[in-house]
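Reading through the structure tokens given below for one structure.
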Amino acid sequence: ILADEMGLGKTIQMIATINLNPPIRGEPIGTLIVCPLSVLKQWRTEIETKSTSDVPPLVYHGEGRIKSHLHLQMFKIVLTTYHTLAMELPTQYMLKLDDHPDGPMRDDKCGPLLRTRWHRIVFDEAQILRNSGTRMSSAAARLKSTIRWCLTGTPIINRLEDAFPLIRILRIPRWYKWRHFDQNIVQYEDKDPKLATKRLQRLFRTCLLRRNKSSTLDGKCLIELPSKHVQLVTLDFSKEERAIYSAVEGHAQVEFNRFLRQGTVLKNHSHVFSLLLRLRQCACHPGMRIHLRGCLRMSDGLVQALIQEEFDEDMVLAQRDRERRAECERARLLVSKSFVESIKEGLLQTARERMKLEQTARTSSFSGGNALMIVSAVSGR
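Mapping the sequence shown onto full-length UniProt numbering, position 64 (from 1) lands on 64, and the numbers just tick up by one.
Here it is as structure tokens:
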């Protein structure tokens with residue numbers, strides 16, 4: 001796994017590796033590079049301008065792509081996309097969690113990519129494969145090759161189990177089986193996060209190389225960058241944007257406080273990141289959150305009111321009031337009635353003493369109805 005920070009040249013490093021490490025005579029000659037469609041042309045341009053090969057890479061994508069795996073074996077470098085690769089694997093051959101990637105599969109039912117044995121396979125932006133249950137991830141693991149590379153600047157995005165598909169692709173002994181990976185890492189992520197992280201780090205030391213812009217080699221920085229100049233530009237929300245952001249922020253605060261009370265912030269770190277993402281989306285544009293469920297739970301009428309700039313701030317206050325009432329109800333169930341009565345009695349006594357002080361200080365006296373009003377206001381807090 002080459003997990004260098006973005007901008008350190010993972011693409012160039014891989015092209016250099018391909019040029020300097022040709023296959024041994026008699027072995028398959030092809031290198032398959034699987035990447036997102038958005039960088040397919042970039043890979044082709046980089047290979048054509050920086051490779052020593054006089055044979056251009058084959059782009060295996062689109063309706064006009066070749067149909068024979070024998071034809072594929074003639075090319076030194078083949079470029080394809082993750083979507084194209086996924087379409088080559090019949091659904092009946094998708095891997096289950098504990099299946100061996102080299103399990104039984106009829107080649108004549110699969111596409112040319114899966115029928116070909118490659119010398120080297122490179123998965124660019126390999127974090128795309130983090131969901132092991134997808135057809136795309138199964139197809140990537142099913143590919144046959146001598147050498148496998150995963151290029152990604154983010155091998156883990158949300159949870160430690162994101163690393164499992166990469167481990168399965170690399171066929172690391174024992175660890176490529178989900179049962180072993182789950183029992184030793186995933187199951188500890190919630191109950192002992194530090195232990196789970198330490199174990200995965202130990203595993204990564206055997207197969208992962210990661211450097212950042214501050215890394216050094218022989219006492220020198222890997223890359224010399226000009227000084228960074230940061231300029232902060234502060235923008236203000238409009239009235240409508242502020243109302244929407246406040247509503248989303250209130251919801252996020254309630255969720256975070258719940259984790260805080262339960263002492264489960266670390267266990268729910270991925271959910272906390274999701275809450276922060278919602279706030280960033282609202283800061284960019286409210287429309288990025290309004291249409292999604294599970295955040296404000298707005299009715300169609302409320303959404304329409306927002307669009308027409310008729311959003312009433314009372315809606316936000318009402319939402320927060322409902323959340324406070326729910327919190328009070330939770331507290332009522334946890335606290336005994338005698339404790340509540342003692343608190344009420346203390347508040348009443350404080351109110352009575354305050355009334356006596358006010359009667360002494362003023363020349364006029366309060367009526368009985370007003371006195372009762374003050375007591376009621378205090379006791380109802």
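Even glycine gets a Cβ: it sits at the ideal position worked out from N, Cα and C.
Remember, predicted model here, so these are calculated numbers, not experimental data.
{"query": "Using CA atoms only, rank isn't needed, just tell me which of I167, Q183, Q253 is closest to R205.", "result": "I167"}
{"query": "Taking the beta carbon of C150 as the centre, do at least 16 other beta carbons fall within 10 Å, making it buried, or is it exposed?", "result": "buried"}
{"query": "Using only alpha-carbon positions, find the residue among S38, T146, D124, P165 that is nearest to G153.", "result": "D124"}
{"query": "Which residue marks the beginning of the alpha helix (DSSP H) containing R202, and which one marks its end?", "result": "193 to 204"}
{"query": "Thinking L40 and T81 are a contact (beta carbons under 8 angstroms), I'd like their distance in whole angstroms, please.", "result": "6 angstroms"}
{"query": "What are the uninterrupted segments assigned as beta strand (DSSP E) that are 3 or more residues long and contained completely in the stretch 35 to 117, given in chain order?", "result": "58 to 60, 77 to 81"}
{"query": "What is the rounded straight-line gap between the Cα of V186 and the Cα of G9?", "result": "31 angstroms"}
{"query": "Anyone know if the C-beta pair for L20 and W118 falls short of 8 angstroms?", "result": "no"}
{"query": "Would you kindly work out how many angstroms separate the C-alpha atoms of I29 and M94, rounded to a whole number?", "result": "27 angstroms"}
{"query": "Would you list the one or two residues that DSSP bridges to K228?", "result": "Per DSSP, none; premise fails for K228."}
{"query": "Can you give the beta carbon distance from L209 to A3, rounded, assuming they're within the 8 angstroms contact cut?", "result": "7 angstroms"}
{"query": "I need the straight-line Cα distance from Q304 to G287, nearest angstrom please.", "result": "Unreliable placement is indicated for Q304, whose pLDDT of 47 sits below 50; no coordinate value is reported for it."}
{"query": "Taking 8 angstroms as the threshold (C-beta atoms), are P155 and L266 in contact?", "result": "no"}
{"query": "State the Cα-Cα distance for the pair M105 and H269, rounded to the nearest angstrom.", "result": "39 angstroms"}
{"query": "Less than 7 angstroms between C-beta atoms, sequence neighbours within five positions excluded: which residues of the same chain meet that for H69?", "result": "P112, R115, T116"}
{"query": "Determine whether the beta carbon atoms of L160 and T197 lie at a separation below 8 angstroms.", "result": "yes"}
{"query": "Around the C-beta of L357, are 16 or more other C-beta atoms found within 10 angstroms, so that it is buried, or is it exposed?", "result": "exposed"}
{"query": "With a 10 Å radius around its C-beta and 16 neighbouring C-beta atoms as the bar for buried, classify P165 as buried or exposed.", "result": "buried"}
{"query": "Out of R261, E353, G346, S342, point me to the one whose CA is closest to R330's CA.", "result": "R261"}
{"query": "Opposite F123 in the DSSP bridges: which residues?", "result": "V34, C150"}
{"query": "Which whole-angstrom value is the C-beta distance of E46 and P56, which I expect to be below 8 angstroms?", "result": "The Cβ separation is near 12 angstroms, so there is no contact."}
{"query": "My guess is that A141 and I172 are in contact by the Cβ rule of under 8 angstroms, so how many angstroms apart are they, rounded?", "result": "Incorrect: roughly 12 angstroms between the Cβ atoms, too far for contact."}
{"query": "Does F311 pass the burial test, meaning 16 or more other C-beta atoms within 10 Å, or should it be called exposed?", "result": "Any reading at F311 needs caution, since the residue's pLDDT is 43, under 50, leaving its predicted position unreliable; the model's value is listed next. Burial call: buried."}
{"query": "By alpha-carbon positions, which one of D107, K76, C284 ends up nearest to L235?", "result": "C284"}
{"query": "By Cβ distance below 8 angstroms, which residues in the same chain neighbour L72 in space, the five residues on each side in sequence not counted?", "result": "G30, L58, Y60, I66, V78, P112, L113, T116"}
{"query": "Are the beta-carbon atoms of V122 and M6 separated by less than 8 angstroms?", "result": "no"}
{"query": "Going straight from the alpha carbon of K76 to that of D190, what length do you get?", "result": "45 angstroms"}
{"query": "With which residues is C221 paired in a DSSP beta bridge?", "result": "T216"}
{"query": "Might you give, ordered along the chain, the residues of its own chain that have their beta carbon closer than 6 angstroms to the beta carbon of T11, omitting 5 neighbours on each side?", "result": "E46"}
{"query": "At which residues does the alpha helix (DSSP H) containing M136 begin and terminate?", "result": "135 to 142"}
{"query": "What did DSSP end up calling L208 once you bin it into helix, strand or coil?", "result": "coil"}
{"query": "Could you give the distance in angstroms between the alpha-carbon of residue 401 and the alpha-carbon of R354?", "result": "A query on residue 401 cannot be resolved here, the shown segment of the chain reaching from 1 to 381 and no further."}
{"query": "According to the Cβ coordinates, are R148 and D98 closer than 8 angstroms?", "result": "no"}
{"query": "Could you give the distance in angstroms between the alpha-carbon of E88 and the alpha-carbon of D54?", "result": "29 angstroms"}
{"query": "Which class does residue 383 belong to by DSSP, given the choice of helix, strand or coil?", "result": "Not covered by the structure: residue 383. The range shown for the chain is 1 to 381."}
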